[in-house]
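Have a look at the structure below before the remarks.
Residue numbers (UniProt numbering): 1 to 901.
So this is what it looks like as structure tokens:
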């Protein structure tokens, strides 16, 4: 077996093949360039490595500035943090003046089998949900079933563990998957479908579990691309209520991915081609009367009952207990969930007494419900019996907890009982429900949410809630709690990094869905539904469920509009949410503009400055996209006035960015540069603030605007260095929209500067990112840049120029303004008229120069000179040195040609 090198230093491990860094087994997110530099340093720890050597190692085919090394060293130092006392150095990486860099930490090199390395790599690629959930107790009496399922997986690609509710399908499947992972060294990914309320969410739930990042147009194809070539076992749990969508999806994935295997749990078979079904039976019970405890414990059902009873505080059992214990297991038909419920009672009740009372209850229940299947009757009877032993407070809380779709904490539990129970009483009731196995307590859960209801018990509790007529009031309490929670989550955006925030709040999405579904049709509660829709936006965006979020915003707006007295302020906030969602899902400029205009009207009507700020921000950006630069600058100026009275760093930074953006396109390059520099000076907390959560990264955007502005001002070297640094930081962020916006700004620079390699690399990256993420607007720009760069790549430049000319005529004004800076022949009469009216100022000098070139080619030298002079004067007045030089060279060429006549 081949081996792969791994370096260890401090708490870190750096893998040589496909470099990746881990801290205590957890992946550290770094861009490929930063990882390449780290590998070069660690591989020669203790040696001084020159900047030239590092550049050659990490950028072998690209000409870049030395500043790139400095930027990545800064990123590396930040990611590594300070060394520990035991690491033998005061800093990991030292800068040796005039010589280079040295890695100072103690490094241990080792070699591991490539299969192990591949397993670790695959595990690190998925997100946290890919791991198997912890099992809180041993799996009793299922050894034969586990071995048989492992054999089936060795021979078949789709195995379904089928059986009734409560029979232990999930516990067995988790055990099998864990054994499979250890035996096959394959990645295992767990997909829990139990919290889903709609079939529509199957694909996105699976994608999120596998680790597919959001914003992609074809989620299914992206899943295939991510899993292609990997050996993976997909454990899909609780399938029965979403089979209609799930079955064809699994069929397509299995057909496209030869190394994929699926282990599913379901109350009914999936009916997918190649499916092999294992029907999980209840635990066996000895039918003969046991003569001793030892004999009784030969029954797996009795083993489980005794183990769980002892865990619940029962005393030691003896031979006299063997008969009652066996009787109890027979009465509940060996169903594990029923055994768990009964076992909780043995901590406070003798086995003989419990067996008698349970037998009496079961006989009565069986007589009353003859229509149901035997095992369904048994589990229902056990639940009825368990519920019948609850106190009033416990019963009330139990049925109200059914509104939660996933994990919840004690505060959440208290919130849905607050109208009926004292907090102390409710807290005690929750603990009692956990002791009686009606609520699962999961110590592995983070963020104070350790409780959950099993799918079977939640369905039962929900039926009790409906029977009690409490569903409407409790669902409203649930929605209000989720609204408060989303407010806390929004504040945490500025305190936690993206991964930590997502890990903490990802599990609440299904509860947000459930709360919105429950309240959206209630006229009296539309304000709550609207507010929750707005407040939950960061969760939808971070989990890449933006398309669904957009549709929910639209639905909320429709319901609000239908009210006799619509809540216009809530509607205004929803319009801004819609604008943000449309940006990420390919919405049209008119649609987004209308949303912002409606939001602005609401803001002005109710004098809500924050909403006005958001609306003007949106209108500023949208006016830029449609070439209305002067109105954009007017909105930006109002934003600036608002920001001048604000103490918020986020508000001031955003104002600088919008002024930089609008000033650049208005040809005010000095002002654009000043505002871009101010906006680029931003701290991490401001970048993570919820106001910026739906937009490109604040610093990346500012640096990109600054780079292009610098180039137009004639500072080409500084501009390219800034562009390279911007690109590297954008890649390190791992945020697709930020990367695309950066490329929008810096790709033209590389083309103007004839930096062919950098231009092609950047344009290709933009094409790939915009295509895969479905960013239609940005993809159109990438296609423009691709046509421009081909001027230096194609053999027949004339034919290419003519072909693109036809495309240019169909473009909007901003793209036509850009295209003329690449090729004089791509100018048109409307663009010239626009420049003469004083519009499109950022490239108006270039339009005049191109118009002059057209006159020159037609032999009208006098008019050509006039236009060249106009271009030169305009560029000089703007400080656009690059455009000024182009106009000067055009004049020089014209005069040189005239002198030769």
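A virtual CB, placed ideally from N, CA and C, is assigned to each residue, including glycine.
On the criterion of 16 or more Cβ atoms from any shown chain inside 10 Å, does residue i qualify as buried, or is it exposed?
i	result
residue 964	One cannot answer for residue 964 here, as it falls past the ends of the chain, which runs 1 to 901.
residue 222	buried
residue 565	exposed
residue 94	exposed
residue 528	buried
residue 371	Low local confidence applies: a pLDDT of 42 at residue 371 is under 50, so the model's placement there is unreliable, and no value is given.
residue 797	exposed
residue 895	exposed
Strictly by DSSP, which residues pair up with residue i?
i	result
residue 237	192
residue 158	262 and 275
residue 14	7 and 21
residue 562	Paired residue(s): none; residue 562 is not in a bridge.
residue 481	Paired residue(s): none; residue 481 is not in a bridge.
residue 460	Per DSSP, none; premise fails for residue 460.
Under 6 Å Cβ to Cβ from residue i, same chain only, skipping five residues before and after it: list those, please.
i	result
residue 8	108
residue 244	199
residue 606	569
residue 449	407, 408 and 409
residue 206	191
residue 635	616, 619 and 620
residue 891	868
residue 58	33, 36 and 37
residue 871	845, 848, 849 and 887
residue 625	589
residue 45	103 and 107
residue 593	622
residue 670	879
residue 142	172
Quick one: residues in its chain with C-beta nearer than 7 Å to the C-beta of residue i, no 5 flanking neighbours on either side, listed in chain order?
i	result
residue 536	486 and 512
residue 875	845, 883, 884 and 887
residue 660	672, 675, 676, 679, 702 and 705
residue 520	529, 555, 556 and 559
residue 326	285, 286, 290, 296, 299 and 302
residue 770	740, 778, 779 and 782
From residue i to residue j, what does the alpha carbon distance come to, in whole angstroms?
i	j	result
residue 267	residue 238	8 Å
residue 304	residue 340	8 Å
residue 723	residue 37	19 Å
residue 368	residue 381	A caution first: residue 368 carries a pLDDT of 43, below 50, which makes its placement in the model too unreliable to give a value.
residue 923	residue 838	For residue 923 there is no data in the structure shown, the boundaries of the chain being 1 and 901.
residue 859	residue 803	24 Å
residue 534	residue 567	14 Å
residue 166	residue 76	50 Å
residue 765	residue 13	29 Å
residue 302	residue 292	12 Å
residue 145	residue 468	40 Å
residue 575	residue 438	43 Å
residue 396	residue 460	13 Å
residue 542	residue 509	11 Å
residue 174	residue 168	10 Å
residue 264	residue 236	5 Å
residue 587	residue 780	13 Å
residue 270	residue 240	8 Å
residue 721	residue 23	31 Å
residue 658	residue 729	21 Å
residue 233	residue 632	52 Å
For chain D, is any of its Cβ atoms less than 8 Å away from the one on residue i?
i	result
residue 355	Judged by its chain identifiers, the structure shown contains no chain D, having just a single protein chain.
Within a Cβ cutoff of 8 Å, which residues of the same chain sit near residue i, ignoring the five residues on either side of it in sequence?
i	result
residue 84	10 and 11
residue 50	99 and 100
residue 455	165, 194 and 238
Would the beta-carbon of residue i be found less than 7 Å away from any heavy atom of the ligand GTP?
i	result
residue 657	The model on display carries no ligand, and the ligand GTP is accordingly not part of it.
Per the contact definition of three or more C-beta pairs closer than 8 Å, is the region 730-742 in contact with the region 693-707? yes
Say whether the region 149-165 touches the region 276-290, bearing in mind that this needs 3 or more beta-carbon pairs closer than 8 Å, one atom from each stretch. yes
Three Cβ pairs or more, each shorter than 8 Å: is that satisfied between the region 280-292 and the region 253-263? no
Three or more C-beta pairs below 8 Å linking the region 388-396 and the region 418-433: yes
Is the region 317-324 close to the region 140-152, with three or more CB pairs under 8 Å? no
Contact the region 169-180 vs the region 289-306: 3+ CB pairs below 8 Å: no
Does the region 710-721 come close enough to the region 747-757 that 3 or more CB-CB pairs lie under 8 Å? yes
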